[in-house]
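Below is one structure, written out as structure tokens, with a few remarks after it.
In the numbering used here, the protein residues as written are 32 to 285.
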């Protein structure tokens, strides 16, 4: 009798659906506060350029989008690696990330600029960076020469908001940021133009920005099918159309 019950139990377990079956209709996305790409404001749903692109991503795959808020980008990458998040938007393809993530194209990279307190002498070229302490956001990639230059004095910070506060307090001399975040920094720090300046030197890296999809994702879609759908949308310019529509509707963040 006990053997019969055991066999029935095993048969029932084999016939049962996987424990994650309900989750296959959901796309779990980790987001941190990085305006205008990702804007987290209290209990409101996230908005931003990446969010607009992610909404299209989920729509194309016929999945329900669920956001997981994070204090910083590094935590999101960790969640992507562990499989507790399915997707992270706005990452660069790196060999160490390829161990746990697939890369689906999203947009081309933008320009990086350097800001400081107003009294700092002008930074006119890359060599002027050598003698300065520079704030960087943890786990954020900028451009190859800068990222690989061990001679630079880089001070790691959690995110661009805390980094700007640190810059205003004199914790380092220079801060590197994506040019597109300058309007949101000016809106958040009302004394930005009185106390800070943007330097003449900037750098634009011709590089692809991707959606990172965890190799442990639970969206129930074969990777080759996902690659086909998202790559086609990228080539048709649909993600940039979503970004441009967001920008048009939310000028207050620019």
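For glycine and all other residues, C-beta sits at the position ideal for the given N, C-alpha and C.
As the structure is a prediction and not an experimental result, all values here were calculated from the model.
Hey, residue i and residue j: beta-carbon distance below 8 Å or not?
i: residue 71; j: residue 120; result: no
i: residue 3; j: residue 195; result: Residue numbering for the chain in the displayed model covers 32 to 285; residue 3 lies beyond these limits and cannot be assessed.
i: residue 184; j: residue 169; result: no
i: residue 154; j: residue 207; result: no
i: residue 101; j: residue 245; result: no
i: residue 203; j: residue 165; result: yes
i: residue 91; j: residue 264; result: yes
i: residue 269; j: residue 87; result: yes
i: residue 122; j: residue 61; result: no
i: residue 157; j: residue 241; result: no
i: residue 229; j: residue 144; result: yes
i: residue 142; j: residue 266; result: no
i: residue 159; j: residue 238; result: no
i: residue 58; j: residue 89; result: yes
i: residue 212; j: residue 191; result: yes
i: residue 161; j: residue 182; result: yes
i: residue 199; j: residue 146; result: no
Residue i by DSSP, collapsed to three states: which one?
i: residue 101; result: coil
i: residue 190; result: coil
i: residue 203; result: coil
i: residue 184; result: strand
i: residue 288; result: With the chain represented from 32 up to 285, any question about residue 288 goes unanswered, as that position is not in the structure.
i: residue 109; result: helix
i: residue 261; result: helix
i: residue 128; result: helix
i: residue 123; result: coil
i: residue 277; result: helix
i: residue 195; result: helix
i: residue 254; result: helix
i: residue 52; result: Its pLDDT being 33, under 50, residue 52 is placed unreliably in this model, and the coordinates cannot settle the point.
i: residue 212; result: helix
i: residue 269; result: helix
i: residue 162; result: coil
i: residue 59; result: strand
i: residue 71; result: coil
So, is residue i buried or exposed, given that buried needs 16 or more other C-beta atoms within 10 angstroms?
i: residue 97; result: exposed
i: residue 43; result: The predicted position of residue 43 is uncertain, since its pLDDT is 38 and thus under 50; no value can be drawn from it.
i: residue 250; result: buried
i: residue 233; result: exposed
i: residue 63; result: buried
i: residue 172; result: buried
i: residue 116; result: buried
i: residue 248; result: buried
i: residue 83; result: buried
i: residue 80; result: buried
i: residue 152; result: exposed
i: residue 254; result: exposed
i: residue 9; result: Residue coverage of the chain in this structure runs from 32 to 285, which leaves residue 9 outside it and unanswerable.
i: residue 221; result: exposed
i: residue 94; result: buried
With a CB to CB cut of under 8 Å and the five nearest residues on each side skipped, what residues in its chain are close to residue i?
i: residue 201; result: 148
In chain order, what residues of the same chain lie with their CB nearer than 7 Å to the CB of residue i, ignoring the 5 residues before and after it?
i: residue 52; result: Confidence is the limiting factor: at residue 52 the pLDDT is only 33, short of 50, which leaves the residue's position unreliable and the question unanswerable from this model.
i: residue 223; result: 216, 217
i: residue 272; result: none
i: residue 209; result: 141, 143
Among residues of its own chain, excluding the 5 on either side of residue i, which ones have a beta-carbon nearer than 6 Å to its beta-carbon?
i: residue 78; result: 70
i: residue 186; result: 164, 166, 203
i: residue 112; result: 131
Open item on the list: I'd like to know if the region 114-128 and the region 255-274 are in contact, where contact means that at least 3 CB-CB pairs between them fall below 8 Å.
Closed with: As far as the Cβ criterion goes, the region 114-128 does not touch the region 255-274, which means the pair count is below three.
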